[in-house]
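Enquirer: The structure under discussion is supplied below as structure tokens; questions concerning it will follow.
Residue numbers (the working numbering): 24 to 428.
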């Protein structure tokens, strides 16, 4: 029974939202953000990645970084770049790119529901990144970007969304990556109450992206003892059938001392290997591999999959357990410098390009994980392997801010 509620948002000024709002803090490097912020004084990176306004050698976890974030946040408020709404509302947030469209409910959700499992996770968080966002929240006394969540589709809820989005939007702009961002405010009390009731009738909602944001908000809630608005965290909730999930592909620097022939011989225990044409697999349990200027199709053998738990049967897990670890010696993909990850649209083509220029010797193109996979794993209380999913289009930080004071 997930609990959501309306909130009084701080929002990027409508006419400047296209200049203020930025990609999530954790999908751009500090140098990329520094370059953008240098040429844009109203970029939200001045708040979400405040190290961009400090010397290049600064430790991004230093006290000065959080102080600078709070200082910049105050400046944006004073200059009217961020504007508080007059009341507590829900919002609709639509992202459109090419032929894809998804519309979610923007609300704050209960930290207690995260603790008791009504809001389910599928990813392990790293303590240092969790602490970083918790310190950022405490310094600003605000959550500056939403978590990205999803739920099983509900026809009645979709009907409300469809009806409401016939109205003129508050905000509508297109970012440099071609994504259209559109926002509507739901201020009608009865509609708000009905949406809240619909969520309360759901069995669960699921975190897609933003595990560290969510865990950080819960950490602050515990440290503050529930004071102020700390018992809630900011999120956008999409129906599962509208999400677009891309694979997180792998490239490796060497074959761990094996010749290509020896490597292929070892692969025979894992999959049927045949010459391939396409660079992307067409189904689950099929992996495309690029090596020596050619694509190969790896059809994972049934006996490799049989009897596996949901998280162990993911292609990314099978590849790690049967190829990357025992054959290529990559025990921990999170820390091994011999492996890199390429996610998002056209990532298979990027894999090929990186191998062709000699930066890597081999690449693997995976079939995307489904929302059904994620829900099955989260419902079982299990954790997916690192770098399993890439959700796109990305939400923009700065559109909605939740003050916990």
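Quick reminder that beta carbons are idealized off the backbone N, C-alpha and C, glycines included.
Where residue 214 and residue 349 are concerned, what is the direct C-alpha to C-alpha distance, given to the nearest angstrom?
Expert: 55 angstroms
Enquirer: Measure the C-alpha to C-alpha separation of residue 72 and residue 300 and round it to an integer number of angstroms.
Expert: 42 angstroms
Enquirer: Under the three-state reduction of DSSP, which class applies to residue 403: helix, strand or coil?
Expert: DSSP places residue 403 in coil when its eight states are reduced to three.
Enquirer: Please say whether residue 61 and residue 74 have beta carbons closer to each other than 8 angstroms?
Expert: It is not a contact, given that the beta carbons lie outside the stated cut-off.
Enquirer: Spatial neighbours of residue 266 within its chain, please: C-beta separation below 7 angstroms, excluding the five flanking residues on both sides.
Expert: 125, 173, 231, 394 and 414
Enquirer: Are at least three pairs of beta-carbons, each pair with one atom in the region 133 to 149 and one in the region 252 to 267, less than 8 angstroms apart?
Expert: Touching, yes.
Enquirer: Tell me the DSSP bridge mates of residue 339?
Expert: DSSP, once it has assigned bridges, lists no residue as partnering residue 339.
Enquirer: When the Cα of residue 53 is compared with those of 64, 39, 69 and 65, which residue comes out closest?
Expert: 69
Enquirer: Ignoring anything shorter than 3 residues, give me the beta strand (DSSP E) runs that lie fully in the region 102 to 162, in order along the chain.
Expert: Under the rule that a run must span 3 or more residues, the beta strand (DSSP E) segments found entirely inside the region 102 to 162 read 105 to 107, 113 to 120 and 123 to 133.
Enquirer: Do the region 190 to 200 and the region 153 to 169 meet, that is, are 3 or more Cβ pairs less than 8 angstroms apart?
Expert: Contact between the region 190 to 200 and the region 153 to 169 is absent: fewer than three C-beta pairs spanning the two stretches fall below 8 angstroms.
Enquirer: Name, in chain order, the residues that DSSP records as bridge partners for residue 297.
Expert: 320
Enquirer: On the three-state DSSP scale, how would you describe residue 445?
Expert: Limits of the chain in this structure are 24 at one end and 428 at the other, which puts residue 445 out of reach.
Enquirer: Am I right that residue 420 and residue 205 are in contact with their C-beta atoms under 8 angstroms? What's the rounded C-beta distance?
Expert: Between residue 205 and residue 420 the Cβ distance is about 17 angstroms, and since that is not below 8 angstroms, they are no contact.
Enquirer: Can you tell me which of the three DSSP states residue 396 falls into?
Expert: Here residue 396 sits in helix by DSSP.
Enquirer: In this structure, how does DSSP classify residue 27 when only helix, strand and coil are distinguished?
Expert: strand
Enquirer: With DSSP as the reference, please indicate the residues paired to residue 191 in a beta bridge.
Expert: Paired residue(s): none; residue 191 is not in a bridge.
Enquirer: One question on the structure: do residue 93 and residue 40 come within less than 8 angstroms of each other, judged by their Cβ atoms?
Expert: no
Enquirer: Could you check where the alpha helix (DSSP H) with residue 212 kicks off and where it finishes?
Expert: 212 to 223
Enquirer: Taking the alpha-carbon positions, what's the residue 371 to residue 148 distance?
Expert: 27 angstroms
Enquirer: Please report the straight-line C-alpha distance between residue 382 and residue 313, rounded to a whole angstrom.
Expert: 13 angstroms
Enquirer: Leaving out five residues before and five after residue 410 in sequence, what residues of the same chain have Cβ atoms less than 6 angstroms from its Cβ?
Expert: For residue 410, same chain residues with a beta-carbon under 6 angstroms away, outside a window of 5 residues either side, are 271 and 364 in chain order.
Enquirer: Inspect the beta-carbon positions of residue 343 and residue 408 and report whether they are closer than 8 angstroms.
Expert: yes
Enquirer: Name the one or two DSSP bridge partners that residue 256 has.
Expert: For residue 256, which the question treats as bridged, DSSP gives the partners 132.
Enquirer: Starting from the Cα of residue 305, find the closest Cα among 338, 160 and 404 and give me that residue.
Expert: 338
Enquirer: Determine whether the Cβ of residue 408 lies closer than 8 angstroms to any Cβ atom of chain C.
Expert: Among the chains of the structure shown, chain C does not appear; only one protein chain is present.
Enquirer: For residue 44, list the residues DSSP reports as bridge partners.
Expert: In DSSP, residue 44 forms no bridge with anything.
Enquirer: Are the region 37 to 51 and the region 108 to 122 in contact at 8 angstroms, needing three or more beta carbon pairs?
Expert: no
Enquirer: Is it right to say residue 138 is buried, meaning 16 or more other beta carbons lie within 10 angstroms of its own, or is it exposed?
Expert: exposed
Enquirer: In three-state DSSP terms, what is residue 33?
Expert: strand
Enquirer: Which word fits residue 179, buried or exposed, when buried means at least 16 other C-beta atoms lie within 10 angstroms of its C-beta?
Expert: exposed
Enquirer: Considering residue 379, what are the terminal residues of the alpha helix (DSSP H) in which it resides?
Expert: 370 to 379
Enquirer: Quick one: Cα of residue 283 to Cα of residue 315, how far?
Expert: 9 angstroms
Enquirer: Mind checking whether residue 294 and residue 322 have CB atoms under 8 angstroms apart?
Expert: Annotated as proximal: residue 294 and residue 322, with beta-carbon spacing under 8 angstroms.
Enquirer: Which residue or residues does DSSP assign as beta-bridge partners of residue 261?
Expert: 173
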